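Novice:
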Amino acid sequence: MPGEFATFNDFMSLPVFFYHTLGVDPYESPSFNKVPSHWLYIILLLNQLNMNFNFLMEFIYVVLYFNKPEHIVEICMTVCYLGFVLVSQLKTASVWRQKAKLNDLVAELESIFPAAVRKEQDDYRVLYYKERCRFIFRSFSGLFLVLVVTYSFYTYVRYAIQHWLLHVPDVEKGMPFFPTSPWNYHDNWSYYLMYLLQVGGAYTATTGHISADLSITAVNTQLVMHFDYLSKSLAEFKIQAGSEPDGYAQDLAALRELIRYHNKLLRLSDVMNSVFGVPLLLNFLTSSVMVCFVGFQMTLGLSADHTVKLALFMISAISEIYLICFFSDWLIESSQRVTAAVYEMNWVPGDTRFNKMLVFIAKRAQNIVCLKATVFLDISMETMTMFLKMSYRLFCLIRTMYQ
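Going by the numbering used here, the sequence shown opens with residue 2, and the numbers climb by one from there.
(1) Out of PHE114, ILE137 and ARG159, state which residue places its alpha-carbon closest to the alpha-carbon of ARG126.
(2) Does DSSP classify ASP171 as helix, strand or coil?
(3) Could you give the DSSP three-state label for LEU303: helix, strand or coil?
(4) With 16 other CB atoms within 10 Å as the buried threshold, where does VAL86 fall?
(5) With respect to the alpha helix (DSSP H) encompassing GLY209, which residues constitute its N-terminal and C-terminal limits?
(6) State the CB to CB distance for the pair LEU231 and LEU266, rounded to an integer number of angstroms; the pair is presumed to be in contact (CB under 8 Å).
(7) Please classify LEU256: does DSSP put it in a helix, a strand, or coil?
(8) Please classify LYS69: does DSSP put it in a helix, a strand, or coil?
(9) Helix or strand or just coil, what does DSSP make of LYS373?
(10) Go through the stretch 78 to 114 residue by residue and report every complete run of the alpha helix (DSSP H) that reaches 4 residues or more, in order.
(11) Please report the straight-line C-alpha distance between PHE294 and CYS77, rounded to a whole angstrom.
(12) Leaving out five residues before and five after SER335 in sequence, what residues of the same chain have Cβ atoms less than 7 Å from its Cβ?
(13) Any contact between the stretch 270 to 290 and the stretch 208 to 227? By contact I mean 3 or more CB pairs, one from each, below 8 Å.
(14) Would you report the Cα separation of LEU281 and HIS210, rounded to the nearest angstrom?
(15) Using a Cβ-Cβ cutoff of less than 6 Å, which residues in the same chain neighbour LEU110 once the five nearest sequence positions on both sides are dropped?
(16) So what does DSSP say about ALA407, is it helix, strand or coil?
(17) Could you please give me the residues that DSSP links to ASP379 through a beta bridge?
(18) Relative to the C-alpha of PHE277, which candidate in CYS134, ARG98, LEU389 and GLY296 has its C-alpha closest?
(19) Nearest-angstrom Cα distance between PHE112 and PHE238?
(20) Using C-beta distances below 8 Å, list every residue in its chain close to HIS263, excluding the 5 sequence neighbours before and after it, in chain order.
(21) Per DSSP, what kind of secondary structure is PHE178 in: helix, strand or coil?
(22) Below 8 Å on the Cβ atoms is my guess for PHE141 versus LEU215; work out the distance and round it to an integer in Å.
(23) In the structure shown, what three-state DSSP assignment does HIS187 receive?
(24) Locate the alpha helix (DSSP H) running through TYR125, then write down its first and last residues.
(25) Report back the beta-carbon spacing between ILE260 and ASP252 to the nearest angstrom; my notes put them in contact at under 8 Å.
(26) With distances taken from CA atoms, which of ARG354, LEU194, LEU45 and THR181 is nearest VAL64?
(27) Do you know whose CA, among ARG135, TYR62, SER153 and ARG354, lies nearest ALA7's CA?
(28) Contact between the stretch 372 to 384 and the stretch 344 to 362: three or more CB pairs below 8 Å?
(29) In or out: LEU351 buried (at least 16 other Cβ within 10 Å) or exposed?
(30) Quick one: grab the DSSP three-state call for GLN1.
(31) Taking a contact to mean a Cβ-Cβ separation below 8 Å, would you say CYS371 touches SER320 in this structure?
(32) Kindly list the residues whose CB is nearer than 6 Å to the CB of THR205, restricted to its own chain and excluding five residues on each side of it in sequence; keep chain order.
(33) Mind checking whether ALA312 and VAL292 have CB atoms under 8 Å apart?
(34) Tell me the DSSP secondary structure of TRP40 in three-state form.
(35) Using alpha carbons as the reference points, say which of MET195, GLY302 and ASP123 lies closest to PRO183.
Here it is in structure tokens:
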């Protein structure tokens with residue numbers, strides 16, 4: 002829209018909203034509307050009590066039926082649920098532990114965010130990155146919300162159709178995720194209480210995944226925007242030497258500012274990986290296991306509706322890994338364009354000191370800047386191939402053991 006200006010909060014509002022529904026305030030920023038802390042504590046307490054209750058019930062179910070072959074499908078699915086819940090909790094806790102670093106990261110990103118000036122925002126192409134980020138936000142969060150709604154309400158919708166529309170006698174009231182409970186919920190009102198507790202737990206677990214991944218996406222997109230602006234500034238650098246009395250001094254001063262800008266971006270990339278490294282590692286470890294377990298279940302000749310639910314679960318897990326690999330690859334390409342920009346600029350009229358500084362920039366830019374799953378893994382699109390291969394090998398192993 003003409004006259005529209007993007008703000009820093011346009012990139013961060015959705016992840017922060019999801020964190021607030023968990024009862025977590027991920028970072029402190031004067032530009033963001035602060036939710037009263039007592040409300041967040043209440044929400045966090047209720048979510049944690051419900052999540053731990055659901056996790057315990059799922060674990061008990063696995064222990065009770067682990068050695069019964071007729072329950073192999075339910076056990077595999079419940080193990081996936083356990084992994085999903087555990088990773089969600091760990092991702093949220095990891096980001097919460099790094100709140101001080103995240104505060105510094107957000108403050109630095111806000112300080113270098115383009116001002117609400119048309120020319121500056123056009124130079125940075127802020128609206129382009131904002132719209133691209135929003136598209137990913139809507140697609141990714143929409144996919145996971147469809148996943149949680151499908152798994153949460155499919156069982157009850159099927160029961161309602163069979164009982165109220167088709168009038169099938171003796172239709173059993175099922176639960177969306179696991180049947181274990183501390184009390185007998187059959188044929189009384191507590192069935193609906195237990196059902197809602199499981200739905201609430203599913204939403205909390207899903208939101209824990211979404212919040213961390215969207216935060217990574219938002220920060221990564223802004224770093225890409227800044228690296229692209231740096232490349233553009235270098236490629237379009239106008240050397241004043243020979244045309245201005247103090248042209249050499251002006252060139253050196255302007256280049257020093259770009260070098261400081263580049264160093265700041267490299268440092269912010271390191272801080273980003275320090276904050277989100279553990280959630281990234283958890284994503285890869287657990288998604289590999291979940292994909293192979295879900296794939297194994299799909300080979301057991303299940304009903305069509307069950308297969309569709311499993312396919313949706315698998316698509317969500319693979320999409321989560323693809324999103325991370327795509328954005329890391331985007332960051333790699335953007336950061337390495339700085340080297341190409343140095344060669345593209347008209348550096349010939351510059352003096353010796355100026356050209357030596359350009360060599361320094363080009364050399365620094367050759368170091369890969371990417372998302373890192375702690376010290377174990379540098380993420381790129383090649384990582385996606387590795388992830389699929391590892392998942393397939395685990396699938397083959399489980400399938401062979403089952404046969």
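From the three backbone atoms N, C-alpha and C, an ideal C-beta is built for every residue, glycine too.
As the structure is a prediction and not an experimental result, all values here were calculated from the model.
Specialist: On the basis of the coordinates in this document:
(1) Within the sequence shown, the letter at position 125 stands for residue 126. When PHE114, ILE137 and ARG159 are compared, the shortest CA-CA separation from ARG126 is found for PHE114.
(2) Mapped onto the sequence shown, residue 171 falls at position 170. It is coil, neither helix nor strand.
(3) By one-based count along the sequence shown, residue 303 stands at place 302. In the structure shown, LEU303 sits in coil (DSSP, three-state: anything other than H, G, I, E or B).
(4) Numbered from 1 along the sequence shown, position 85 holds the residue referred to as residue 86. Classification for VAL86: buried.
(5) Within the sequence shown, residue 209 is the residue found at index 208, counting from 1. Counting along the chain, the alpha helix (DSSP H) containing GLY209 begins and ends at 191 to 236.
(6) In the sequence shown, counting from the first residue as 1, residue 231 sits at position 230. In the sequence shown, counting from the first residue as 1, residue 266 sits at position 265. About 7 Å; that satisfies the 8 Å criterion.
(7) Taking the sequence shown and counting its residues from 1, one reaches residue 256 at position 255. Reduced to three states, the DSSP call for LEU256 is helix.
(8) In the sequence shown, the residue the question calls residue 69 occupies position 68. Coil at LYS69, not helix or strand.
(9) Within the sequence shown, residue 373 is the residue found at index 372, counting from 1. In this structure, LYS373 counts as strand in the three-state DSSP scheme.
(10) 100 to 113
(11) Locating residue 294 in the sequence shown gives position 293, counting from the first residue. Locating residue 77 in the sequence shown gives position 76, counting from the first residue. Cα to Cα, the separation comes out at about 6 Å.
(12) Working through the sequence shown from its first residue, we reach residue 335 at position 334. Closer than 7 Å at Cβ, skipping near neighbours: VAL225, PHE228 and ASP229.
(13) Output reads yes: the stretch 208 to 227 touches the stretch 270 to 290.
(14) Residue mapping note: residue 281 aligns to position 280 of the sequence shown, counting from 1. Residue mapping note: residue 210 aligns to position 209 of the sequence shown, counting from 1. Near 11 Å, if we compare the C-alpha coordinates of HIS210 and LEU281.
(15) Numbered from its first residue, the sequence shown carries residue 110 at position 109. Result list for LEU110: GLN223, in chain order.
(16) Only positions 2 to 404 of the chain appear in the structure, and residue 407 is not among them; the question remains open.
(17) The residue labelled residue 379 in the question sits at position 378 within the sequence shown. According to DSSP, ASP379 bridges with LYS373.
(18) For the purposes of this step, residue 277 is taken as residue 276 along the sequence shown, with counting starting at 1. Nearest C-alpha to PHE277: ARG98.
(19) On the sequence shown, residue 112 is found 111 positions in, with the first residue counted as 1. On the sequence shown, residue 238 is found 237 positions in, with the first residue counted as 1. Looking at the sequence itself, residue 112 is Ser, so the reference to Phe does not match. Answer to the nearest angstrom: the Cα atoms are 23 Å apart.
(20) Residue numbering aside, residue 263 sits at position 262 when the sequence shown is read from its first letter. Here the set comprises LEU231, VAL339, ILE362, ARG365 and ALA366.
(21) In the sequence shown, the residue the question calls residue 178 occupies position 177. In the structure shown, PHE178 sits in coil (DSSP, three-state: anything other than H, G, I, E or B).
(22) The residue given as residue 141 occupies position 140 in the sequence shown. The residue given as residue 215 occupies position 214 in the sequence shown. The Cβ separation is near 7 Å, so the contact holds.
(23) What you label residue 187 is simply residue 186 of the sequence shown in a count that begins at 1. If DSSP states are grouped into helix, strand and coil, HIS187 belongs with coil.
(24) Within the sequence shown, numbered from 1, the residue matching residue 125 stands at position 124. Unbroken alpha helix (DSSP H) run through TYR125: 119 to 125.
(25) Translated into positions along the sequence shown, residue 260 becomes position 259. Translated into positions along the sequence shown, residue 252 becomes position 251. At roughly 12 Å, the Cβ-Cβ gap does not stay under 8 Å, so ILE260 and ASP252 are not in contact.
(26) If you number the sequence shown from 1, residue 64 lands on position 63. Comparing Cα-Cα distances from VAL64 to each of ARG354, LEU194, LEU45 and THR181, the minimum goes to THR181.
(27) Taking the sequence shown and counting its residues from 1, the one referred to as residue 7 is at position 6. Of the candidates ARG135, TYR62, SER153 and ARG354, the one whose C-alpha sits nearest the C-alpha of ALA7 is ARG135.
(28) Counting C-beta pairs with one atom in each stretch, the stretch 372 to 384 and the stretch 344 to 362 have fewer than three that are closer than 8 Å, which means they do not touch.
(29) By one-based count along the sequence shown, residue 351 stands at place 350. The residue asked about is misnamed: residue 351 is Gly in this sequence, not Leu. GLY351 should be labelled buried.
(30) Look at the range of the chain in this structure, 2 to 404, and you will see that residue 1 is not part of it.
(31) Counting from one through the sequence shown, the residue named residue 371 turns up at place 370. Counting from one through the sequence shown, the residue named residue 320 turns up at place 319. Not closer than 8 Å, so no.
(32) As a working mapping, residue 205 is identified with position 204 in the sequence shown. The answer, listed in chain order, is ASN48 and MET52.
(33) Counting from one through the sequence shown, the residue named residue 312 turns up at place 311. Counting from one through the sequence shown, the residue named residue 292 turns up at place 291. Contact: no.
(34) The sequence position of residue 40 within the sequence shown is 39, counting from 1. Three-state DSSP puts TRP40 in a helix.
(35) For the purposes of this step, residue 183 is taken as residue 182 along the sequence shown, with counting starting at 1. For the residues MET195, GLY302 and ASP123, the minimum Cα distance to PRO183 belongs to MET195.
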